[in-house]
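S.K.: Pasting a structure here, questions to come.
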């Protein structure tokens, strides 16, 4: 067997489409598997006493042939704390395989309530007949959150 020239091996290695260190390549490969993923970042404003969910993006939910081209998607958020439940949602966006919302969800939350609070983020689809379907959902305990506030994170739904 003839040895493979090193330059050919390196070139193949450089153009490998699934390099794990590339966030966007990983996001794209996940979308090919039709696994919905959501990107979010949490922030807390101590002066306003509110939780902010921003950098909202969704991938991995391509349109099927049966779906209307006019369908939309949005993210709904529910914050549950000792003070009760608060809900917020993003605006409706045309449904594409990669959707980005340039907005944030804001929830009033005191420092004391933050320890016991849970945040549920739900990715939903709706069609022109106002039928809403859940594409995926995640519930985060703010007390046990391993991600620091301000850091963006991708999660599978």
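In the UniProt record's numbering, the protein residues as written are 1 to 157.
Yeah, the Cβ is synthetic: ideal placement off N, Cα and C, and Gly gets one too.
Let me check understanding here. Comparing Cα to Cα, which of 89, 109, 140, 99 lies closest to residue 236?
M.R.: The question about residue 236 has no answer, for the chain in this structure spans 1 to 157.
S.K.: Go ahead and label residue 123 buried or exposed: buried means 16 or more other beta carbons lie within 10 angstroms of its beta carbon, across all protein chains shown.
M.R.: Buried, because 16 or more other Cβ atoms sit within 10 Å of the Cβ of residue 123.
S.K.: I'd like the list of long-range same chain contacts for residue 113, defined as Cβ closer than 7 Å, with 5 residues on each side in sequence excluded.
M.R.: The residues are 81, 82, 83.
S.K.: When the Cα atoms are used, what is the spatial distance from residue 78 to residue 97?
M.R.: Cα-Cα distance, rounded: 24 Å.
S.K.: Roughly how far, in whole angstroms, is the beta-carbon of residue 120 from the beta-carbon of residue 103, given that I think they are within contact range, below 8 Å?
M.R.: About 18 Å; that fails the 8 Å criterion.
S.K.: Can you check the UniProt domain "C2" (34-155) for any alpha helix (DSSP H) of at least 4 residues that lies completely inside it and give the ranges in chain order?
M.R.: Counting only runs of 4 or more, we get 111-114.
S.K.: Rounded to the nearest angstrom, how far is the Cβ of residue 71 from that of residue 150, given a contact under 8 Å?
M.R.: Between residue 150 and residue 71 the Cβ distance is about 33 Å, and since that is not below 8 Å, they are no contact.
S.K.: Check whether the Cβ atoms of residue 90 and residue 74 lie closer than 7 Å to each other.
M.R.: Yes.
S.K.: For the candidate residues 101, 127, 88, 61, whose alpha-carbon lies nearest to that of residue 107?
M.R.: The candidate whose alpha carbon is nearest that of residue 107 is 88.
S.K.: Kindly indicate which residue of 130, 128, 156, 127 has the alpha-carbon position closest to the one of residue 139.
M.R.: Among 130, 128, 156, 127, the Cα nearest to that of residue 139 is on 156.
S.K.: Can you give the Cα-Cα distance for residue 52 and residue 111, rounded to whole angstroms?
M.R.: Rounded to the nearest angstrom, the two C-alpha atoms are 13 Å apart.
S.K.: Classify residue 100: buried if its beta carbon has 16 or more other beta carbons within 10 angstroms, exposed otherwise.
M.R.: So residue 100 ends up on the exposed side.
S.K.: Please classify residue 142: is it buried, with 16 or more other beta-carbons within 10 angstroms of its beta-carbon, or exposed?
M.R.: Buried.
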